[in-house]
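**Student:**
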Amino acid sequence: MKKILVVVLVTLTFACNREKAKDANVDTMAVERDAAVVKSIPNDSTYERFRDFRNYLVTGNVAVEDIQEVNSVCAVVVSPTDEQIKSMIEENGEEDFSTIADDASFYQSEGTLTLDSFGIKTIEAEKRYIRFVGESETWVLDIRQKGAPEWSIIFFDPKKAPQVNSWVDITFDELIAYYGLK
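According to this note's numbering, the sequence shown is numbered sequentially starting from 996.
1) Quick one: give me the first and last residue of the alpha helix (DSSP H) that Glu1090 is part of.
2) Would you call Asp964 buried or exposed, if buried means 16 or more other Cβ atoms sit within 10 Å of its Cβ?
3) Starting from Tyr1173, trace the alpha helix (DSSP H) in both directions and tell me its first and last residue.
4) Short of 6 Å in beta carbon distance, which residues of its chain neighbour Gln1063, apart from the five on each side in sequence? Order them along the chain.
5) Determine the DSSP secondary structure at Trp1146, reduced to helix, strand or coil.
6) Verify whether the separation of the beta carbon atoms of Tyr1102 and Val1163 is less than 9 Å.
7) Compute the Euclidean distance between the alpha carbons of Gly1114 and Ser1082, then round it to the nearest angstrom.
8) Specify the secondary structure class of Ser1040 as computed by DSSP and reduced to three states.
9) Under 9 Å, Cβ to Cβ, is there at least one residue of chain B near Gln1140?
Take a look at the structure:
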């Protein structure tokens, strides 16, 4: 069963991948933020650092084609890329990776059911950079930077800052607290 899940996961990932043409005249977008904010997730990141969206913030120029924009109430689903899957298999071996992927799939399924029960739309993260457009502020997050978890979910409401979460932690109380649901 675990091997079938790995094959399905890898097949879906490859099937959804699109080849990007490299162009010397790529449009870029300048991204600015407060310099005091941490620029990357440390290797020994704690649980709280993982959840702090500020650890994902980007500065500098980012090619517009590499940015996915989100501007409505939703939850952004982050899943591993083909490269991340290959790296995890090399690092953990196929059997352990299969267990990791199986666990992630279970928690993602349970979390998705919880989100659906509240009517919260989910969006797949399709690019490395996500630009969250809020009512009074905009944030660009690098969800694929070194040390970032391969599976996560980002809550977003344009009235608030994004909130990075582990699929394990999605509870009714967590959703009610962030989205202001009753």
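A virtual CB, placed ideally from N, CA and C, is assigned to each residue, including glycine.
**Tutor:** On the basis of the data shown:
1) Glu1090 -> alpha helix (DSSP H) spans 1077 to 1112.
2) Given that the chain is displayed from residue 996 to residue 1177, the structure contains no residue 964 and the question cannot be resolved.
3) Start and end: 1167 to 1174.
4) Cβ neighbours of Gln1063 beyond the five flanking positions: Glu1121, Lys1122, Ile1125.
5) Trp1146 carries a coil assignment under DSSP once its states are collapsed to helix, strand and coil.
6) Their beta carbons are under 9 Å apart, which means Tyr1102 touches Val1163 by this criterion.
7) So the alpha carbons of these two residues sit roughly 35 Å apart.
8) Low confidence applies here, because Ser1040 scores a pLDDT of 48, under 50, leaving its location unreliable; read the following figure in that light. Correct three-state label for Ser1040: coil.
9) Judged by its chain identifiers, the structure shown contains no chain B, having just a single protein chain.
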